[in-house]
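Sequences listed follow chains A and B, in order. Using our numbering, read the first sequence as starting at 4 and increasing by one per residue. Using our numbering, read the second sequence as starting at 3 and increasing by one per residue. Working notes, structure below.
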Amino acid sequence: MSALGELRRLRAPGARTRRHRDNRAAFLFLSPWFAGLLLITAGPIAVSFLLGFTDYNLIQPPAFTGLDNVTRMLSDERLHQSLGVTVTYVLVSVPLQLACALGLAMLLDRGLRGLAFYRSAFYLPSLLGSSVAIAVLWRQIFGADGLVNQLLDVVGVAGRGWISDPGTALSTLVVLNVWTFGAPMVIFLAGLRQIPVMYYEAAAVDGASRWTQFRRITVPLLSPIIFFNLVLQIIHAFQSFTQAFVVSGGSGGPSDSTLFATLYLYQRGFNNFDMGYASALAWLLLAIIAVFTAVNFWAAKYWVFYDD
Amino acid sequence: MPPHLTRRAALVALVSLTAGTALAACGGGSDASQDLSDEPVTLRFTWWGSDARHERTRRVIELFQKAHPTITVTGEFKEWNGYWDSLATTVAANDAPDVIQMDELYLASYAERGALLDLGTARRHLTTADFDADALATGAIDGKQYGLPVGLAIYSVVVNTDLLTRYGVALPDDATWTWEDLTRLGAQVSRAGGGTVTGVQAWGFDTGGLTLWARQAGAALYDDAGDVAIPPQVLAGYWQYLADLTRQGIAPPASVTVERASGALDQSGLATNASAFATWWNTQLTSLATASGSQLRLLRFPGEAQSATPGAYYKPSMFWSVSARSRHPAEAALFVDFLANNEEAAAILQTDRGVPANTKIRNAIAGQLSPTDRAALEYLDSVPVTAPPRVTPKGASGVEAILKRYTEQVLFGRTTPEQAAKDFIAELQREIDAA
Chain A
4 MSALGELRRL RAPGARTRRH RDNRAAFLFL SPWFAGLLLI TAGPIAVSFL
54 LGFTDYNLIQ PPAFTGLDNV TRMLSDERLH QSLGVTVTYV LVSVPLQLAC
104 ALGLAMLLDR GLRGLAFYRS AFYLPSLLGS SVAIAVLWRQ IFGADGLVNQ
154 LLDVVGVAGR GWISDPGTAL STLVVLNVWT FGAPMVIFLA GLRQIPVMYY
204 EAAAVDGASR WTQFRRITVP LLSPIIFFNL VLQIIHAFQS FTQAFVVSGG
254 SGGPSDSTLF ATLYLYQRGF NNFDMGYASA LAWLLLAIIA VFTAVNFWAA
304 KYWVFYDD
Chain B
3 MPPHLTRRAA LVALVSLTAG TALAACGGGS DASQDLSDEP VTLRFTWWGS
53 DARHERTRRV IELFQKAHPT ITVTGEFKEW NGYWDSLATT VAANDAPDVI
103 QMDELYLASY AERGALLDLG TARRHLTTAD FDADALATGA IDGKQYGLPV
153 GLAIYSVVVN TDLLTRYGVA LPDDATWTWE DLTRLGAQVS RAGGGTVTGV
203 QAWGFDTGGL TLWARQAGAA LYDDAGDVAI PPQVLAGYWQ YLADLTRQGI
253 APPASVTVER ASGALDQSGL ATNASAFATW WNTQLTSLAT ASGSQLRLLR
303 FPGEAQSATP GAYYKPSMFW SVSARSRHPA EAALFVDFLA NNEEAAAILQ
353 TDRGVPANTK IRNAIAGQLS PTDRAALEYL DSVPVTAPPR VTPKGASGVE
403 AILKRYTEQV LFGRTTPEQA AKDFIAELQR EIDAA
C-alpha cells in the first residue's frame with residue numbers, strides 16, 4: 004500500500020546521513036509538540052502508573068498500597084459489569100460499523116456522480132460522532148418523546164424510552180458508533196481504488212459472479228486495509244467515553260447498562276475521590292486494549308494478504 | 003538563529019518559571035484572624051446553580067466590591083454535576099477557589115481530608131450570632147465549623163391542585179394523611195388522567211425521600227459513627243412502595259420515570275403537569291410553579307401523623323466554606339460574612355439558596371417575598387421537625403448515584419426490593435470503609 008511504502012522510504016538508510024544541522028532545525032520545530040507530549044501526555048501517563056499502586060483521594064498525598072488495587076479489581080462487581088458492557092459494545096459495534104463502511108465504499112466506488120459530495124456527507128458524522136452536541140442530540144432522538152418514537156407512532160408501533168430502558172440503552176450507543184462509519188469508509192474507498200480493474204475484468208470473462216469477485220478479489224486485496232481499520236476502530240471503541248457520559252448524564256445508567264470502562268474509571272477518580280484505583284483501572288484498560296491488538300496481529304497472519 | 007542562544011533563552015525561561023512557582027507557593031499560609039490586607043486582593047468564589055442564581059450572585063458580588071474596593075471577587079459557576087468534578091480537580095491541583103458553595107453530601111469528604119478552613123478561626127471577620135445552634139451544628143464536624151449553613155429546606159410533597167380540581171379529586175388533609183391515602187388519590191388521578199397524566203411522580207433518586215422514610219420508621223441512613231444503619235427491611239419497604247406505584251400505573255412506566263429523573267427540574271412530571279403529586283424540597287416550589295404555570299401546594303409527607311416521631315427535618319440547603327489553602331482567608335471570611343449577614347445582599351438573594359438559615363435575615367426578607375416563596379417559608383415554620391440526621395460521612399458522597407442505580411433496577415424489575423436493600427447497604431458501607 005502506498006502509505007506503507009512511504010513509511011519504508013522514510014526509514015531508508017539515506018535518511019540517516021542527512022546533515023546534523025538539519026536535525027537541529029527539525030527538533031526546534033518539533034519542540035512545541037515535544038513539550039506538549041512530555042508535559043501533557045507522557046508525564047501524566049507515567050504518574051498514573053505510579054498512582055496505580057497507591058490510595059490517592061486527590062486531597063491528601065497518595066499512600067503506597069502495593070497491589071491492593073489489583074486484588075480489589077478481582078472482586079469489584081461494577082468493574083466486571085463495565086468490562087462486560089465495553090466488550091459487548093466493541094464486539095457488536097465495530098463489525099457493524101466496518102460492514103457499513105465497506106458496503107458504502109463499494110457503492111461509492113462504482114463511479115457515482117457527485118462522489119465528492121457523498122464522500123463528504125458520509126464522512127461528516129465521524130467528525131461529529133464523539134462530540135457532546137451529537138450525544139445531546141442522541142438523547143433527544145431516542146428519548147420517550149423523541150423522533151424515533153414519533154416515527155414509530157406513525158406506523159402504529161408503541162415506542163419506549165430507548166435511552167432510559169436498560170434493555171436498549173447500549174444499543175442506541177452502538178447505533179451512534181455505527182453511524183460514524185465515515186472515517187473507515189474513506190480509507191476503504193482509497194483502498195478499493197488501488198485494486199486494478201483488470202482483475203475484475205478477467206474474473207468477469209471467466210464468468211465469476213459479483214459475490215465471487217467480492218470474495219476472491221476485493222476481500223483479499225483489501226485485507227490489509229480491513230485489518231488497519233479493524234485495529235484502529237477496536238482501540239477507538241474501547242476508549243469511547245463522551246457518548247456514554249452525556250447520554251447517561253455521567254451515571255452509566257440506567258442500572259449500569261451503559262457503564263463503559265472509561266466512564267467507570269472516571270467516576271472512581273473524580274466522583275468518589277478514588278484516583279489511585281482509577282489510575283490502576285486506566286492501566287488495566289490499556290492492558291486489555293494491548294491484548295486485543297496483539298490477538299488481532301496474531302490472527303492477521305491467517306487472513307491478511309499483502310500483495311507486494 | 004545560532005542554537006546556543008536558543009538554549010540559553012530556554013534556560014532563562016525555565017528558571018524564571020520555576021522561581022515564579024516557588025514564589026507563588028510562598029504566598030500561602032496566612033491565617034484567618036489577621037488584619038485585612040491593604041493591597042488589592044482577588045478572591046475566587048465558586049457555586050453551582052441556575053441562570054437566575056448566577057444573576058443574583060453577580061449582583062451581590064458587585065455590592066460587596068462597592069463596600070470593599072480593594073477586594074475583587076471573581077465568580078466561577080457551573081451546573082451540579084460538572085461542579086463536583088471540577089472542584090475535585092482544582093483541590094487536587096492545589097488551586098481551589100477561596101470561597102466554595104458546599105453541599106451536605108460532600109462536606110465531610112472535603113473537611114475530614116483537610117481541604118476546608120475551620121470558620122471558627124475566622125470569628126474576627128465572620129459572625130454567626132444570628133444562626134440557631136442547631137442550624138450551625140449541621141455544618142460542624144468534631145466541633146469545627148467547616149461550613150456555614152446558607153438556607154434550610156424540608157423534603158415535602160408538592161401537589162398540583164389544578165389537576166386535582168380538574169379530575170374531581172379531593173385535596174388530602176396533610177396533618178393526618180397516610181401512605182395508603184397517597185396510593186388511593188394517585189390512582190384516582192391516573193384513572194381520570196387517561197394515560198397522559200399520572201397520579202404520582204415516582205421518586206427514589208435522592209436521599210431526601212429515603213432519609214424521611216427511614217426516620218418515620220425510627221431508623222436513620224447512618225449511625226453516629228458514620229456507618230450505614232438503615233435496616234434492610236425498611237429499605238426494602240421503601241422500594242416495594244415505589245415499585246407498587248409503578249406497577250399499578252399510579253406512577254409512570256419505569257423508563258419514563260428514569261428519563262425524567264435524569265432531566266432538569268423543568269422536565270419533571272410535576273413541572274410539565276404530567277403528574278399530580280411529587281416530592282421536592284420545599285424551596286423548589288417557586289421554580290416548579292413557574293415551570294408548570296399551575297397552582298401548586300406544599301404538603302407534609304404522608305405517614306407523619308402515624309409514625310412515633312415525625313420524619314421531617316431541616317436540611318441545610320448548602321454551606322459556605324473557605325478553602326484551607328486560601329491565600330486570603332481573612333478576606334474570604336469577610337465575604338462569607340457579607341453573604342450570610344448582610345441585609346442588602348439578602349434582599350437580592352432572597353430564598354434562591356433556601357430559606358435563610360440566619361434567623362434575623364429570614365425575618366428581614368419575609369415581607370419582600372413572592373407568594374410561592376412565602377408559602378415555602380411558612381411551610382418551613384409550620385411543619386413539626388425533629389433533630390437533623392448526621393452529616394453524610396466521608397466516602398459516602400456518591401450515595402445518590404448508588405441509590406439511583408438500585409432504584410432503577412427495582413423499577414425495571416431486574417432485582418427484588420429485598421435483594422436491592424442488601425446490596426445497597428453492602429455497597430455504601432464498602433465506599434465508607436474504603437475512604
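For each residue, glycine too, the CB sits at the ideal point set by N, CA and C.
Within 10 Å of its beta-carbon, does residue 308(A) have 16 or more other beta-carbons around it, so buried, or fewer, so exposed?
Residue environment for residue 308(A): exposed (fewer than 16 other C-beta atoms within 10 angstroms of its C-beta).
Buried or exposed: which applies to residue 257(A), given that a residue is buried once 16 or more other Cβ atoms fall within 10 Å of its Cβ?
By the Cβ neighbour-count rule, residue 257(A) is buried, with 16 or more other Cβ atoms within 10 Å of its own.
May I ask you to list, following chain order, the residues of the segment 45 to 64 of chain A that have a beta carbon less than 7 Å from some beta carbon of chain B?
So the list reads 60, 61, 62, 63, given in the order they occur along the chain.
Cβ pair residue 116(A), residue 192(A) closer than 8 Å
Result no, Cβ atoms of residue 116(A) and residue 192(A) do not sit closer than 8 Å.
Would you kindly work out how many angstroms separate the C-alpha atoms of residue 301(B) and residue 176(B), rounded to a whole number?
C-alpha of residue 301(B) to C-alpha of residue 176(B): approximately 6 Å in a straight line.
Rounded to a whole number of angstroms, what is the C-alpha to C-alpha distance between residue 161(B) and residue 170(B)?
Our two residues, residue 161(B) and residue 170(B), have alpha carbons roughly 14 Å apart in a direct line.
What did DSSP end up calling residue 285(B) once you bin it into helix, strand or coil?
In the structure shown, residue 285(B) sits in a helix (DSSP, three-state: H, G or I).
Between 221(A), 150(A), 156(A), which lies nearest to residue 204(A) when the distance is taken from Cα to Cα?
Closest option to residue 204(A), Cα to Cα, is 221(A).
Paired residues, beta bridge with residue 151(B) - DSSP
Among the bridge pairs identified by DSSP, residue 151(B) is matched with 321(B).
Same chain only: Cβ atoms within 6 Å of residue 219(B), ignoring 5 sequence neighbours per side
236, listed in sequence order.
Alpha-carbon spacing of residue 279(B) relative to residue 253(B), whole angstroms:
The alpha-carbon atoms of residue 279(B) and residue 253(B) are separated by roughly 9 Å.
Any beta-carbon of chain A closer than 8 Å to the one on residue 81(B)?
Answer no: the Cβ-Cβ gap between residue 81(B) and chain A never drops below 8 Å.
Alpha carbon to alpha carbon, how far is residue 416(B) from residue 383(B)? Give it in angstroms, no decimals.
Rounded to the nearest angstrom, the two C-alpha atoms are 42 Å apart.
Nearest-angstrom beta carbon gap, residue 240(A) and residue 92(A) [assumed within contact, 8 Å]
In this structure residue 92(A) touches residue 240(A) by the C-beta definition: roughly 6 Å separates them, less than 8 Å.
For a cutoff of 8 Å on Cβ pairs, would you count residue 93(B) as touching chain A?
True, the Cβ-Cβ gap to chain A drops below 8 Å.
Taking C-beta pairs closer than 8 Å, name the residues in chain B that residue 227(A) reaches, listed in chain order.
Those within 8 Å of residue 227(A) in chain B number zero; the least Cβ separation is about 42 Å.
Roughly how far, in whole angstroms, is the beta-carbon of residue 92(B) from the beta-carbon of residue 44(B), given that I think they are within contact range, below 8 Å?
Contact flag wrong, Cβ pair sits at about 15 Å.
Using beta-carbon positions only, say whether residue 284(B) and residue 158(B) come within less than 8 Å of one another.
Judged by their CB atoms, residue 284(B) and residue 158(B) are nearer to each other than the 8 Å cut-off.
Would a check of beta-carbon distances place residue 148(B) closer than 8 Å to chain A?
Residue 148(B) does not count as touching chain A.
Length-filtered (3 minimum) beta strand (DSSP E) runs lying within the segment 29 to 57 of chain B
Runs of the beta strand (DSSP E) inside the segment 29 to 57 of chain B: 43 to 50.
Which class does residue 435(B) belong to by DSSP, given the choice of helix, strand or coil?
Of the three classes helix, strand and coil, the one that applies to residue 435(B) here is helix, per DSSP.
Note down, in chain order, every chain A residue with its Cβ under 8 Å from the Cβ of residue 112(B).
In chain order: 62.
Residue 57(B) versus residue 77(B) - alpha carbon distance
Rounded to the nearest angstrom, the gap between the Cα atoms of residue 57(B) and residue 77(B) is 11 Å.
Are there 16 or more other CB atoms within 10 angstroms of the CB of residue 308(B), so buried, or fewer, so exposed?
Here residue 308(B) is exposed: its Cβ has fewer than 16 other Cβ atoms, across all protein chains shown, within 10 Å.
Which one of 399(B), 190(B), 398(B) has the shortest CA to CA distance from residue 168(B)?
Looking from the CA of residue 168(B), the closest CA among 399(B), 190(B), 398(B) belongs to 190(B).
Give me the subset of the segment 196 to 227 of chain B whose CB atoms are less than 9 Å from a CB atom of chain A, sorted by chain position.
Within the segment 196 to 227 of chain B, no residue qualifies.
If you pair each beta-carbon of the segment 208 to 215 of chain A with each one of the segment 96 to 114 of chain A, do three or more pairs fall below 8 Å?
With the cut-off at 8 Å, the segment 208 to 215 of chain A and the segment 96 to 114 of chain A do not touch.
What residues in the segment 272 to 288 of chain A have a beta carbon less than 8 Å from any beta carbon of chain B?
The segment 272 to 288 of chain A vs chain B, Cβ under 8 Å: 273, 274, 275, 276, 277, 278.
Status (buried if at least 16 other CB within 10 Å, exposed otherwise) for residue 36(B):
It is exposed - the Cβ of residue 36(B) has fewer than 16 other Cβ atoms within 10 Å.
Do residue 364(B) and residue 320(B) have their beta-carbon atoms positioned less than 8 Å apart in this structure?
No, they are not a contact pair.
Using a Cβ-Cβ cutoff of less than 6 Å, which residues in the same chain neighbour residue 246(A) once the five nearest sequence positions on both sides are dropped?
Cβ neighbours of residue 246(A) beyond the five flanking positions: 138, 176, 179.
Proximity winner among 430(B), 304(B), 277(B), relative to residue 195(B) (alpha-carbon distances):
Looking from the CA of residue 195(B), the closest CA among 430(B), 304(B), 277(B) belongs to 277(B).
Residue 258(A) touches chain B at which residues, Cβ-Cβ below 7 Å?
For residue 258(A), the chain B residues whose C-beta falls within less than 7 Å of its own C-beta are 407, 410, 411, 414, 416, listed in chain order.
Give me the residue from 70(B), 287(B), 240(B), 343(B) with the minimum Cα distance to residue 426(B).
Nearest in C-alpha terms to residue 426(B), of all of 70(B), 287(B), 240(B), 343(B), is 240(B).
Could you please give the first and the last residue of the uninterrupted alpha helix (DSSP H) stretch that includes residue 72(A)?
Counting along the chain, the unbroken alpha helix (DSSP H) around residue 72(A) starts and ends at 71 to 77.
Three-pair Cβ contact test at 8 Å for the segment 254 to 273 of chain A versus the segment 33 to 51 of chain A:
Too few Cβ pairs lie closer than 8 Å, so no.
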